[in-house]
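Novice:
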Amino acid sequence: MELSRRVAGLKPSSTVAVMNRAAALKAQGVPVLSFAAGEPDFFTPDKAKIAGVKAILHNNTKYQPTAGDTETRELLARIMTERNGVPGVTKDHVLVTAGVKMALYLTMQALFDVPAPGQEAQELLLPTPAWVSFAPIGELAGAKVVQMPTTTASGFKITPAQLAAAITPLTRALLLNSPSNPCSTMYTPDELAALAEVIAAAAKTTAPGLVVVADELYQHIVFGDVPFRSIGSFTSIAERTITINGSGKSFAMTGWRIGWVSGSGAFGKRFIEGLTKLQGQTITAVPGFTMAATRAALTECDEDLDRMKHAFKRRAVVMYDALAAIPGVKLARPVGAFYVFPDVSAHFGKSTPGGVKIDSAAAFAEQLLGLHHVAVVPGEDFLGEGYKHIRLSFACDEALILEGAKRLAAFIASLK
Ligand code: GLU
326 MELSRRVAGL
336 KPSSTVAVMN
346 RAAALKAQGV
356 PVLSFAAGEP
366 DFFTPDKAKI
376 AGVKAILHNN
386 TKYQPTAGDT
396 ETRELLARIM
406 TERNGVPGVT
416 KDHVLVTAGV
426 KMALYLTMQA
436 LFDVPAPGQE
446 AQELLLPTPA
456 WVSFAPIGEL
466 AGAKVVQMPT
476 TTASGFKITP
486 AQLAAAITPL
496 TRALLLNSPS
506 NPCSTMYTPD
516 ELAALAEVIA
526 AAAKTTAPGL
536 VVVADELYQH
546 IVFGDVPFRS
556 IGSFTSIAER
566 TITINGSGKS
576 FAMTGWRIGW
586 VSGSGAFGKR
596 FIEGLTKLQG
606 QTITAVPGFT
616 MAATRAALTE
626 CDEDLDRMKH
636 AFKRRAVVMY
646 DALAAIPGVK
656 LARPVGAFYV
666 FPDVSAHFGK
676 STPGGVKIDS
686 AAAFAEQLLG
696 LHHVAVVPGE
706 DFLGEGYKHI
716 RLSFACDEAL
726 ILEGAKRLAA
736 FIASLK
């Protein structure tokens with residue numbers, strides 16, 4: 326008996342796989358230092374936890390309205406308007422769902438059709454390297470993923486000219502993730518304005534149905550000089566921008582599984598109505614107590630947010646300095662999110678002391694884990710030039726970062 330082609334052909338998530346593998350090794354007593362998971366080591370802020378517990382005690386444990394409760398949707402609409410500067414967002418433009426992955430899944434399902442036989446697939450433009458689940462979630466919906474390659478030297482950012490050249494009549498959506506997982510670089514407001522101009526122009530000519538999907542999950546984890554700006558705040562493209570966000574990374578609430586999607590104007594409202602149908606036929610709704618906790622996080626936990634952001638800022642420096650000092654390791658300075666994505670390909674072709682050849686990022690990560698007990702995510706599944714890179718998360722404490730960098734340096738020094 327077989328599984329569907331859709332599932333049989335689906336790659337497992339490599340971030341989740343390394344995360345689980347490191348946890349399993351630790352449970353067996355192996356002293357693994359894990360830089361795998363994009364998950365803050367902080368606890369969920371007390372005020373958010375208390376709000377969640379209180380909601381349970383007040384019996385907020387029943388089915389919720391499909392798109393989320395009114396209070397949460399109204400709050401998120403207000404935040405999108407006032408904080409993110411996106412025009413035309415009301416509660417009817419917001420859907421709360423089970424984390425950013427589900428938000429992306431629903432969004433892609435609502436944007437793409439599986440091509441009929443003989444028909445060409447609609448295209449999803451994806452600047453790469455990109456988070457490992459973007460392409461598979463798009464492909465599950467029927468999209469043909471068109472990569473727009475970026476490099477360490479360009480801060481892993483596409484240029485307006487590159488975008489203009491990539492848009493064709495088949496282009497349905499552009500997926501932007503700024504700050505980026507895994508690159509931890511981000512677009513400046515001016516760069517976003519230039520991209521918005523290209524999108525607005527293309528929508529008038531080549532690709533009238535073009536939509537921007539903006540994954541802004543790391544919006545609050547920004548610690549360089551670049552201020553965050555939502556691409557949906559540019560009025561020329563606001564209505565064709567779908568913004569995705571969540572409470573997991575910023576508020577150390579990964580396990581609560583809360584994400585949301587918001588749109589703007591007439592299309593945004595229709596889009597959320599479509600997503601609401603999909604949610605009604607899949608997960609029904611998210612739990613009320615997780616929404617209560619999220620509201621508290623968004624309204625009462627600014628101090629916690631600041632504390633965590635400052636810790637990430639310090640860790641970014643520690644991680645960058647430690648890795649940049651290792652011979653043959655090339656990396657961009659992180660300005661947002663909590664990853665570094667070093668190019669380690671200078672060491673490909675060498676062998677470990679035991680004679681195992683390092684011919685890929687996967688082999689590099691495998692041997693680093695096996696020999697020095699350091700878990701990192703190999704870069705292949707981030708696409709583009711990711712195959713030369715490994716990803717390390719610095720959502721962990723400074724002592725761990727220093728020890729991990731020491732082991733990485735020792736591993737590299739041992740390669741001949
Ligand atoms: N988003 C996190 C990461 O990139 C968690 C795992 C996943 O969903 O990919 O590590």
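Each residue of the sequence shown is one higher than the one before, counting from 326 in this note's numbering.
Idealized CB from N, CA, C, for every residue including glycine.
Is G674 near the ligand GLU, with its Cβ less than 6 Å from a heavy atom?
Specialist: No, the ligand GLU has no heavy atom inside 6 Å of this Cβ.
Novice: Taking T745 and V551 to be in contact with their CB atoms under 8 Å, please state how far apart those CB atoms are, rounded to whole angstroms.
Specialist: The structure shown does not extend to residue 745, since the chain spans only 326 to 741, so no value can be given for it.
Novice: So, under 8 Å CB-CB, I404 and L733 are touching, yes? Tell me the CB distance rounded to an integer number of Å.
Specialist: In fact, because the Cβ distance is near 39 Å, the residues do not count as touching under 8 Å.
Novice: Hey, would you say V681 sits closer than 7 Å to L358, going by beta carbons?
Specialist: No, these two residues do not count as a Cβ contact at 7 Å.
Novice: Can you check which of these residues, Q692, L520 and G467, is closest to R330 by C-alpha distance?
Specialist: The option with the nearest alpha carbon to R330 is G467.
Novice: Determine the closest residue to G704 out of E625, A690, K379 and L696, with distance taken between C-alpha atoms.
Specialist: Ranking E625, A690, K379 and L696 by Cα distance to G704 puts A690 first.
Novice: Is the CB-CB distance between A539 and T496 below 7 Å?
Specialist: No, the pair does not count as a contact, with Cβ atoms beyond the cut-off.
Novice: What residues in its chain sit with their C-beta under 8 Å from that of Q692, if we drop five residues either side in the sequence?
Specialist: Taken in chain order, the residues that qualify are T677, V681, I683 and F736.
Novice: Going by DSSP, name the residue or residues bridged to H672.
Specialist: DSSP lists no partner for H672.
Novice: Going by the CB atoms, is the gap between V457 and S338 shorter than 7 Å?
Specialist: Yes, these two residues count as a Cβ contact at 7 Å.
Novice: Say yes only if the C-beta of T340 is nearer than 6 Å to one or more non-hydrogen atoms of the ligand GLU, and no if none qualify.
Specialist: Flag set: Cβ of T340 near the ligand GLU.
Novice: Are any of the Cβ atoms in chain C nearer than 7 Å to that of D668?
Specialist: Absent from the structure: chain C. Only one protein chain is present.
Novice: Out of T476, N385 and V421, state which residue places its alpha-carbon closest to the alpha-carbon of L708.
Specialist: For the residues T476, N385 and V421, the minimum Cα distance to L708 belongs to T476.
Novice: Closer than 6 Å to a non-hydrogen atom of the ligand GLU - does that hold for the CB of G704?
Specialist: No, the Cβ of G704 stays beyond 6 Å of every heavy atom of the ligand GLU.
Novice: What three-state label does DSSP hand T453 in the structure shown?
Specialist: Reduced to three states, the DSSP call for T453 is strand.
Novice: Compute the distance between the beta-carbons of P454 and A720, then report whether it is under 7 Å.
Specialist: Cβ atoms of P454 and A720: not closer than 7 Å.
Novice: According to DSSP, simplified to helix, strand and coil, what is K387?
Specialist: Three-state result, K387: coil.
Novice: Please determine whether the Cβ atom of A577 lies at a distance below 6 Å from any heavy atom of the ligand GLU.
Specialist: No, since every heavy atom of the ligand GLU falls outside the 6 Å radius drawn around the Cβ of A577.
Novice: Look at the Cβ atom of P667, then the Cβ atom of L648, and state whether they are nearer than 7 Å.
Specialist: Yes, Cβ-Cβ distance for P667 and L648 is below 7 Å.
Novice: Is N506 a contact residue of the ligand GLU, with contact defined as CB to any heavy atom under 6 Å?
Specialist: The answer is yes for N506.
Novice: Is the beta carbon of L542 less than 7 Å from the beta carbon of L499?
Specialist: No. Outside cutoff.
Novice: Pop quiz: V586 and L400 are said to be a contact at Cβ under 8 Å. What is the actual Cβ separation, rounded to whole angstroms?
Specialist: About 15 Å; that fails the 8 Å criterion.
Novice: Please report how far the alpha carbon of D629 lies from the alpha carbon of N506, in whole angstroms.
Specialist: Straight-line Cα distance between these residues: approximately 22 Å.
Novice: When every heavy atom of the ligand GLU is checked, does at least one fall within less than 6 Å of the C-beta of G363?
Specialist: Yes - the ligand GLU has a heavy atom lying nearer than 6 Å to the Cβ of G363.
Novice: Inspect the beta-carbon positions of A610 and Q434 and report whether they are closer than 7 Å.
Specialist: Their beta carbons are not under 7 Å apart, which means A610 does not touch Q434 by this criterion.
Novice: So the candidates are V470, A518, A724 and L436; which of them puts its Cα closest to the Cα of L535?
Specialist: It is L436 whose Cα lies nearest to the Cα of L535.
Novice: When the Cα atoms are used, what is the spatial distance from A752 to A347?
Specialist: In the structure displayed, the chain extends from 326 to 741; residue 752 sits before or after that span and is not available.
Novice: Leaving out five residues on either side along the sequence, give the residues of the same chain with a beta carbon under 8 Å from the beta carbon of I562.
Specialist: Excluding positions up to five away in sequence, the list reads A521, I524, A525, A528, V537 and I556.
Novice: Candidates F367, M511 and E448: which alpha carbon is nearest R632's?
Specialist: Checking every option, the nearest Cα to that of R632 belongs to F367.
Novice: Only counting the same chain, and skipping five residues up and downstream in sequence, which positions put a Cβ closer than 8 Å to that of K634?
Specialist: Closer than 8 Å at the Cβ level, and outside the excluded window around K634, lie H545, I546, V547 and F548.
Novice: Which term fits E327, buried or exposed, when burial requires 16 or more other beta carbons within 10 angstroms of its beta carbon?
Specialist: Flag for E327 reads exposed.
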